[in-house]
Amino acid sequence: MTGSGEGLVEAGKAGVAIGDYLAQADDRIKTRDESVQRARAFTGYNEAVGTEYRRIEAEGGFETDASVEAFGKFLKKTLADTVEAHAGRGESKAALTARLEGLRATYIDNAAIESIKAKHTATVKALGAT
Numbered sequence: 001m002t003g004s005g006e007g008l009v010e011a012g013k014a015g016v017a018i019g020d021y022l023a024q025a026d027d028r029i030k031t032r033d034e035s036v037q038r039a040r041a042f043t044g045y046n047e048a049v050g051t052e053y054r055r056i057e058a059e060g061g062f063e064t065d066a067s068v069e070a071f072g073k074f075l076k077k078t079l080a081d082t083v084e085a086h087a088g089r090g091e092s093k094a095a096l097t098a099r100l101e102g103l104r105a106t107y108i109d110n111a112a113i114e115s116i117k118a119k120h121t122a123t124v125k126a127l128g129a130t
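The sequence shown: position 7 = 7 (this note's numbering), numbered continuously.
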C-alpha cells in the first residue's frame, strides 16, 4: 500500500486505540460507581440489621427460639433484597454478597452470644441460684 491506503490503515488503528481507551475509561467509571453503590448498600444493610437487632433486644432479647429464628429470617431476606437491588455487574454483586455475608456472620455471632447469656441467666434463676 502506498499513499492514502497506508493513511487509512493508520487512521483505522488510531480509531481502534481510541475506542479501546474509551472502553477502558468507561469500565473504570462503572467500577467506581459500583464501588460507591456497594458501600451504600452495605451501610443500608448494616443500619437495617442493627435497628432490628436493637429492637429485638429492647423487646426481650434473644431469649426465645422464636426471636432467634425471626432474626435469622430477617438477616437472610434483607441480604437477598440488598443484593437484588444492587444494579452492579455480576462481579460487583459477588463482592457485595461476600461483604454482607461477613457482616451477617458478625450479627449471627452476637445474637448467639446474647441468646446463650439469656438462657444461662434463666437457667440459673430457675435453679434457684443467685
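Each residue gets a CB set at the ideal place from its N, CA and C atoms; glycine is no exception. Predicted, not measured: the structure shown is a model, and the values here were computed from it.
Practice problem: For the alpha helix (DSSP H) holding Glu69, just list the boundary residues, first then last. | Solution: For this step, residue 69 is matched to residue 69 along the sequence shown. From DSSP, the alpha helix (DSSP H) with Glu69 extends over 65-85.
Quiz item: In its own chain, which residues sit with a C-beta less than 8 Å from the C-beta of Asn110, not counting the 5 before and 5 after it?
Solution: By one-based count along the sequence shown, residue 110 stands at place 110. Taken in chain order, the residues that qualify are Tyr53.
Quiz item: How far does the alpha helix (DSSP H) with Arg99 in it reach, from first residue to last?
Solution: Start at 1 with the first residue of the sequence shown, and residue 99 comes out as number 99. Start and end: 90-126.
Quiz item: Does the beta-carbon distance from Val36 to Phe74 come in below 9 Å?
Solution: Taking the first residue of the sequence shown as position 1, residue 36 is located at position 36. Taking the first residue of the sequence shown as position 1, residue 74 is located at position 74. No, the pair does not count as a contact, with Cβ atoms beyond the cut-off.
Exercise. State the CB to CB distance for the pair Phe42 and Ile56, rounded to an integer number of angstroms; the pair is presumed to be in contact (CB under 8 Å).
Key: Taking the sequence shown and counting its residues from 1, the one referred to as residue 42 is at position 42. Taking the sequence shown and counting its residues from 1, the one referred to as residue 56 is at position 56. That pair is no contact at about 21 Å.
Quiz item: Val68: buried (16+ other C-beta within 10 angstroms of its C-beta) or exposed?
Solution: Taking the first residue of the sequence shown as 1, we reach residue 68 at position 68. It is buried - the Cβ of Val68 has at least 16 other Cβ atoms within 10 Å.
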